Every structure is written in C-alpha cells, then in structure tokens.
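Going down the list, the sequences are from chains G and R.
Residues 160 to 273 in the numbering used here are what the first sequence spells out, letter by letter.
Residues 1202 to 1314 in the numbering used here are what the second sequence spells out, letter by letter.
The block underneath contains the structure these notes are about, expressed in structure tokens.
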Amino acid sequence: SAVISQKPSRDICQRGTSLTIQCQVDSQVTMMFWYRQQPGQSLTLIATANQGSEATYESGFVIDKFPISRPNLTFSTLTVSNMSPEDSSIYLCSVHGQGFPEAFFGQGTRLTVV
Amino acid sequence: DAKTTQPPSMDCAEGRAANLPCNHSTISGNEYVYWYRQIHSQGPQYIIHGLKNNETNEMASLIITEDRKSSTLILPHATLRDTAVYYCIVRVPGSSNTGKLIFGQGTTLQVKP
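Encoded structure:
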C-alpha cells in the first residue's frame, strides 16, 4: 500500500489569495493525481502530475489557476490561485502504487474561501 | 472508460447484508470493475475489484453478471461504520491512465441501528 500525507488538512483563505497544498507519498510513484470535490458533489479529476514533465489538465482546469509541481517521485504540490468562494472544496491527492491495482488517496485539504 | 449508473441512496439495517448494485452496460472486455467508498470527510478507500469472476476479500464480495453489464457489491454484515458513499468505477488497470479514476455520483449507504 501507499501512505499519503496532505498538508494543510484545512484552511480558510481570503479571496484573491493563493494556497499551496502539499502531497507526500511514502514510496516512489510515477503518476500523482489531483482531484477536487465540491460541497455535496463527487470527485472530479483536476490533473495528472508526472515527474519531470508538465502536468496534464482535464477539461475545465487550467495551469494558470491550478499550477502543479512534481519535483520528485514522492512529492507534489497543487496551488489554487486567485481564489474565489467558488473554489471552496476538498482537494485530494491520489497515487497508484507500483504493483498495486488500486489507487490510494490522501485525507484531503478542506478549503474555505471567504 | 465506461460509464456506471448507481442508485443515489440506500438504507440497510445494522447486521444485515448490504447489496449495492451498479450498471455498466458499455463496459469493454478489458475493463475491470472497481469499488471505492468515501466515509464522511475522508479520502476514498479501495474496497475490491474484479474482471468477470466473483471476488471476495475481508471487506466485501463482488458479484459480476455473466454478461458483465452489471455488478453488486455485498457487505455481508453491515455496521454503522459502513455508512458512506460507495463508488463503482470501471477502468483498465495498467493503462496509460493508470490511477486516473472517473467518479460518478455513487450510492450513499445509510446503515441504521
């Protein structure tokens, strides 16, 4: 299995500011995934982060709004930029462990924008 | 990845079996059926997966119909801690989209005492 640590677990931010969320994995993984879960909704994939290359964004998500870094095989960050109340969501990091058929998730970052 | 359809909500009495259905009529031959659950305020948790044979582990059983167009997740003795949103997902493991999951709305299971 893979153990994922996300920081911060929650935050309350002012509109117009940015927040960087960190995701640390206890083993090396090729791809890391970032999801958003808006209140009362299911999870939506934001982007896939590969080490050594630019992240691949899903439709409706852009790099200027959600820049992602992937400096090594165990770490990634997601920044939510120029936040508005509509960005209030839970943001989750996920990985697919080497040799395991299932995906593992962090506990999420609960973001509230006021 | 194929799309899945699940009932939005279900109730189950504590101690009884919970049977959660999922329709995936457009599933491809190499796509597996995965089940995850999300307990309130936590990240999704893997439960079980299968291709065409029935599968069982310490958490649950997965029954897949012969035509693979639907499946049922069975929690044999539901407890209050099984109250969660259950997601049925179909995907090809080890594909270029490894780890990428397309979540539907899932089924909210309420286990009642």
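Every residue gets a Cβ at the ideal spot worked out from N, C-alpha and C, and that includes glycine.
Quantities reported herein were computed from a predicted structural model and do not represent experimental measurements.
Terminal residues of the beta strand (DSSP E) in which residue i lies
| i | result |
| --- | --- |
| residue 166/G | 163-166 |
| residue 1266/R | Careful: residue 1266/R lies outside any beta strand (DSSP E) and carries neither H nor E. |
| residue 1313/R | 1308-1313 |
| residue 1285/R | 1285-1292 |
| residue 1303/R | Taken as a continuous stretch (DSSP letters only), residue 1303/R belongs to no beta strand (DSSP E), as it is neither H nor E. |
| residue 1246/R | 1246-1251 |
| residue 268/G | 268-272 |
| residue 262/G | 262-264 |
| residue 1273/R | 1271-1276 |
| residue 1280/R | Taken as a continuous stretch (DSSP letters only), residue 1280/R belongs to no beta strand (DSSP E), as it is neither H nor E. |
| residue 248/G | 248-255 |
| residue 243/G | Premise fails: residue 243/G is in no beta strand (DSSP E) and is neither H nor E. |
Cβ-based burial, residue i [other Cβ within 10 Å; buried from 16]
| i | result |
| --- | --- |
| residue 1230/R | exposed |
| residue 206/G | buried |
| residue 229/G | buried |
| residue 1266/R | exposed |
| residue 253/G | buried |
| residue 167/G | exposed |
| residue 1250/R | buried |
| residue 219/G | exposed |
| residue 223/G | exposed |
| residue 251/G | buried |
| residue 1259/R | exposed |
| residue 1232/R | buried |
Beta-carbon neighbours of residue i, restricted to chain G and to distances below 9 Å
| i | result |
| --- | --- |
| residue 1250/R | 260, 261 |
| residue 1305/R | 201 |
Rounded distance between the beta-carbons of residue j and residue i, thought under 8 Å
| i | j | result |
| --- | --- | --- |
| residue 248/G | residue 195/G | 5 Å |
| residue 1313/R | residue 1212/R | 6 Å |
| residue 208/G | residue 185/G | Not confirmed; about 17 Å, so no contact. |
| residue 178/G | residue 242/G | 7 Å |
| residue 1237/R | residue 1246/R | 6 Å |
| residue 1273/R | residue 1222/R | 5 Å |
Chain R contact residues for residue i, given Cβ-Cβ distances below 9 Å
| i | result |
| --- | --- |
| residue 265/G | 1244 |
| residue 251/G | 1244, 1245 |
| residue 204/G | 1301, 1302, 1303, 1304 |
Contacts that residue i makes with chain G (C-beta to C-beta distance below 8 Å)
| i | result |
| --- | --- |
| residue 1247/R | 261, 262, 263 |
Residue i: contacting residues in chain R (beta-carbon distance under 8 Å)
| i | result |
| --- | --- |
| residue 270/G | Result: empty, since nearest Cβ-Cβ is about 13 Å, beyond 8 Å. |
| residue 237/G | Simply none; closest approach about 14 Å. |
| residue 232/G | Simply none; closest approach about 14 Å. |
Could you pull out every unbroken beta strand (DSSP E) segment of at least 3 residues lying fully inside the segment 170-232 of chain G, listed in chain order?
178-184, 190-196, 202-209, 227-231
At 3 residues or longer, and completely inside the segment 1207-1242 of chain R: list those beta strand (DSSP E) runs for me, N to C.
1210-1214, 1219-1224, 1233-1239
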